[in-house]
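Below: the structure, in structure tokens.
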Amino acid sequence: DVKVTQSSRYLVKRTGEKVFLECVQDMDHENMFWYRQDPGLGLRLIYFSYDVKMKEKGDIPEGYSVSREKKERFSLILESASTNQTSMYLCASSSLRRGLGDGYTFGSGTRLTVV
Amino acid sequence: KQEVTQIPAALSVPEGENLVLNCSFTDSAIYNLQWFRQDPGKGLTSLLLIQSSQREQTSGRLNASLDKSSGRSTLYIAASQPGDSATYLCAVRLTGGGNKLTFGTGTQLKVEL
């Protein structure tokens, strides 16, 4: 079964810390995405990547950066965590190639609390 | 800008009922539409994917339809069960949209015994 794996289910970090959220997919997908989900605001796209070493800003990139050194891994970085970054973070991947099923596959999410 | 709306926002039904969840979108130039399920505190699970050339997709008790011209999709759940209780999200990918999805606001479903 194809999978997107997020390294942590729950994280608690202090204000000002540098935080890394890791995501790995085993489907050889070109595209990877990071969303955050907040009550009343739905899913909002932070960053996405179409290929290794490539990144594009989503709708709310401020305070975040990303890294994609290998095709299967997409990392979200909070340079200096703040309390307003407390949220559920969801990673997803998809393929550009029809026939592979070009829908999105999501990870199980990381609930980040910044105190 | 694509906007995706889901009605109703919340729904409570007795076990065994057939039900329909609605999704509407403003830009009909879609590449595909995907329905997801999300349990509390969990990630999204893909239920059905409909390509723009398709009218419907079925998986078990679930049937999703797509009418691009009217900007609508419906998710039909037959013989609902308490285990179907979850939030259901639809998401639309535009043609030429760079593989980004626009998500609906979700319908929170509760199936009661």
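Sequence order for the protein chains is A and B.
Take the first sequence: its letters are residues 1 to 115, numbered as in my numbering.
Take the second sequence: its letters are residues 1001 to 1113, numbered as in my numbering.
Here a beta-carbon is modelled for each residue, glycine too, at the ideal position from N, C-alpha and C.
Bear in mind that the values here come from a model prediction, so they are computed numbers and not experimental data.
With 16 as the cutoff for other CB atoms within 10 Å, does glycine 1016 (chain B) come out buried or exposed? Your numbering for residue 1016 (chain B) matches position 16 in the second sequence. Exposure of glycine 1016 (chain B) is indicated by the presence of fewer than 16 other C-beta atoms within 10 angstroms of its C-beta.
Have a look at the DSSP bridge pairing and note the partners of asparagine 1063 (chain B). Sequence index remark: in the second sequence, residue 1063 (chain B) carries index 63 (1-based). Answer by DSSP bridge pairing, in chain order: B:Thr1058 and B:Tyr1076.
Are leucine 41 (chain A) and alanine 81 (chain A) close, meaning C-beta to C-beta below 9 Å? If you number the first sequence from 1, residue 41 (chain A) lands on position 41. If you number the first sequence from 1, residue 81 (chain A) lands on position 81. A distance of 9 Å or more separates the beta carbons of leucine 41 (chain A) and alanine 81 (chain A).
Residues in its own chain within less than 8 Å of tyrosine 104 (chain A) by CB, not counting five upstream and five downstream? Reading the first sequence from its first residue, position 104 is the one you call residue 104 (chain A). So the list reads Phe33, Ala92, Ser93 and Ser94, once near-sequence residues are dropped.
Quick one: is methionine 172 (chain A) near chain B, going by C-beta distance under 9 Å? No statement about residue 172 (chain A) is possible, as the shown extent of chain A runs from 1 to 115 and does not include it.
Please confirm whether glycine 107 (chain A) has its beta-carbon closer than 9 Å to some beta-carbon of chain B. For this step, residue 107 (chain A) is matched to residue 107 along the first sequence. It does; some Cβ of chain B falls within 9 Å.
Residue from B:Gly1043, B:Arg1072 and B:Pro1040 with nearest C-alpha to isoleucine 1050 (chain B): Here residue 1050 (chain B) is taken as the residue at index 50 of the second sequence, counted from 1. The option with the nearest alpha carbon to isoleucine 1050 (chain B) is B:Arg1072.
Would you please verify whether the beta carbon of serine 1073 (chain B) is less than 9 Å from any beta carbon of chain A? Taking the first residue of the second sequence as position 1, residue 1073 (chain B) is located at position 73. By this cut-off, serine 1073 (chain B) is not an interface position.
With a threshold of 9 Å between beta carbons, is asparagine 1099 (chain B) in contact with chain A? The residue you call residue 1099 (chain B) lines up with position 99 of the second sequence. Taking Cβ atoms only, chain A reaches closer than 9 Å to asparagine 1099 (chain B), which makes this a yes.
Whole-number beta carbon distance between glycine 109 (chain A) and cysteine 23 (chain A), since they are thought to touch under 8 Å: By 1-based counting over the first sequence, the position of residue 23 (chain A) is 23. By 1-based counting over the first sequence, the position of residue 109 (chain A) is 109. Their Cβ separation, rounded to whole angstroms, is 10 Å, which puts cysteine 23 (chain A) and glycine 109 (chain A) out of contact at 8 Å.
For a test of the three-state rule: what should DSSP assign to proline 109 (chain A), helix, strand or coil? Counted from its first residue, the first sequence places residue 109 (chain A) at position 109. Checking the displayed sequence, the identity of residue 109 (chain A) turns out to be glycine instead of proline. In the structure shown, glycine 109 (chain A) sits in coil (DSSP, three-state: anything other than H, G, I, E or B).
Between the C-alpha atoms of valine 1092 (chain B) and arginine 1055 (chain B), what's the straight-line distance to the nearest angstrom? Counting from one through the second sequence, the residue named residue 1092 (chain B) turns up at place 92. Counting from one through the second sequence, the residue named residue 1055 (chain B) turns up at place 55. Their backbone Cα atoms lie some 15 Å apart in a straight line.
Would you verify that the beta carbon of threonine 1095 (chain B) is, or is not, closer than 9 Å to some beta carbon of chain A? Counted from its first residue, the second sequence places residue 1095 (chain B) at position 95. Taking Cβ atoms only, chain A never reaches closer than 9 Å to threonine 1095 (chain B), which makes this a no.
For alanine 1091 (chain B), decide whether its Cβ has a neighbour in chain A, counting only Cβ atoms nearer than 9 Å. Counted from its first residue, the second sequence places residue 1091 (chain B) at position 91. By this cut-off, alanine 1091 (chain B) is an interface position.
Say whether chain A places a C-beta atom closer than 9 Å to the C-beta of lysine 1110 (chain B). Reading the second sequence from its first residue, position 110 is the one you call residue 1110 (chain B). No - not a single Cβ of chain A is within 9 Å of the one on lysine 1110 (chain B).
Indicate the three-state DSSP secondary structure (helix, strand or coil) for aspartate 1084 (chain B) in the structure shown. By one-based count along the second sequence, residue 1084 (chain B) stands at place 84. Of the three classes helix, strand and coil, the one that applies to aspartate 1084 (chain B) here is helix, per DSSP.
For a test of the three-state rule: what should DSSP assign to threonine 1026 (chain B), helix, strand or coil? The residue you call residue 1026 (chain B) lines up with position 26 of the second sequence. Note: threonine 1026 (chain B) maps to coil in three-state DSSP.
Can you give me the Cβ contacts of glutamate 1112 (chain B) inside the same chain, cut-off strictly under 8 Å, excluding the 5 residues immediately before and after it? Locating residue 1112 (chain B) in the second sequence gives position 112, where the first residue counts as 1. The answer, listed in chain order, is Ser1012, Val1013, Pro1014, Glu1015 and Pro1082.
Short-range partners of chain A found in the region 1023-1041 of chain B, where Cβ spacing is below 9 Å: Listed in sequence order: Tyr1031, Asn1032, Gln1034, Phe1036, Gln1038 and Gly1041.
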